[in-house]
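J.:
Numbering (the numbering used here), first residue to last: -5 to 299.
Written out as structure tokens, the structure reads:
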């Protein structure tokens, strides 16, 4: 038997379409690609929706694409697993969540919900935030504070306002929750070891350090006016009531980080829990829940494995 080498070439963003208008790949000279297609067996693969374990109509990405290629089968992604748990109501009896809410009751402390504030479903989705608000209401948790990590990357650059309007509507509808802070994901979701950047998000969440504004909508407008180019870069901003922060994270509070993708969740988690942190942080003693397992060495409660 003759063994011949097999080469896997991954070209992120290289799509296929018969449409020529606006199709850079069709218009480009691609001699190597043309040679491979002509002389070797080829086929097309779906890279979005159920084909890569995502909800129907949801765009794929490098992470799910690479995982699916490596597995050679459909691997259902956390987004779809969590969506299904909400649909079948098992989300609302999740033991990890129940323990977190019991911690709030035991210490008469606050619940903080933080995560990426958009609906694209790459790192998180606000639908999961809404489910958590409903869960808190069911468990009679009254002190619920939301920390919005603005997107501006996976969704239009200045789309945060519509999500703020929608969230405020949901808060009124469900009957619980207050927005305590907003910050661009540039600070809160760094993954490239820019710890000074992450520290600014930490100081916002724990110490109430940042710009001050009486409403998240006003905070967003002021961010644009001072030159924060997109939602992605919005500087840490504290929402205030009577010139005091709505809430910061304190001892005995519970934090649920509803991001399900791991890579951009690790640094801020590391600082808030002092797990694998390059500087010796002294964060508040909190009950911290990860939506998925961000790092097995964190040894933190995980809602979905």
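The beta-carbon is built from N, C-alpha and C at its ideal position, and this holds for glycine as well.
Jot down the residue ranges of each uninterrupted beta strand (DSSP E) in the segment 113 to 158, minimum 3 residues, whole runs only, in chain order.
T.: For secondary structure counted as the beta strand (DSSP E) over 3 or more consecutive residues, the segment 113 to 158 holds these complete runs in sequence order: 138 to 144.
J.: Considering only C-alpha positions, which residue in the set 86, 178, 191 and 125 is nearest to residue 111?
T.: Of the candidates 86, 178, 191 and 125, the one whose C-alpha sits nearest the C-alpha of residue 111 is 178.
J.: When you compare only the Cα positions, how much space is there between residue 281 and residue 157?
T.: Residue 281 and residue 157 have their alpha carbons spaced roughly 27 angstroms apart.
J.: In the DSSP assignment, what residue or residues form a beta bridge with residue 234?
T.: DSSP output for residue 234 lists 239 as bridge partner(s).
J.: Can you have a look at residue 99 and say buried or exposed, based on whether 16 or more other CB atoms are within 10 angstroms of its CB?
T.: exposed
J.: Quick one: Cα of residue 3 to Cα of residue 155, how far?
T.: Spanning the alpha carbons of residue 3 and residue 155 requires a straight line of approximately 40 angstroms.
J.: Hey, quick one: how far does the alpha helix (DSSP H) through residue 293 stretch, first residue to last?
T.: For residue 293, there is no enclosing alpha helix (DSSP H), as DSSP marks it with neither H nor E.
J.: Is the beta carbon of residue 129 less than 7 angstroms from the beta carbon of residue 107?
T.: no
J.: Count the other C-beta atoms from every protein chain shown that fall within 10 angstroms of the C-beta of residue 238, then say buried if there are 16 or more, exposed otherwise.
T.: exposed
J.: Could you tell me which residues DSSP puts in a beta bridge with residue 109?
T.: 142
J.: Using the Cα positions of residue 103 and residue 245, report the straight-line distance between them to the nearest angstrom.
T.: Looking at the two C-alpha atoms, the distance is approximately 8 angstroms.
J.: Less than 7 angstroms separating the beta-carbons of residue 180 and residue 194?
T.: No; because the gap between Cβ atoms is not below 7 angstroms, this pair is not in contact.
J.: Label residue 19 either buried or exposed according to how many other C-beta atoms from any shown protein chain fall within 10 Å of its C-beta, with 16 as the threshold for buried.
T.: exposed
J.: Along the chain, which unbroken stretches of the alpha helix (DSSP H) at least 4 residues long are found entirely within the segment 41 to 100?
T.: 56 to 65 and 72 to 81
J.: By alpha-carbon positions, which one of 285, 293, 294 and 296 ends up nearest to residue 119?
T.: Nearest option by C-alpha distance: 285.
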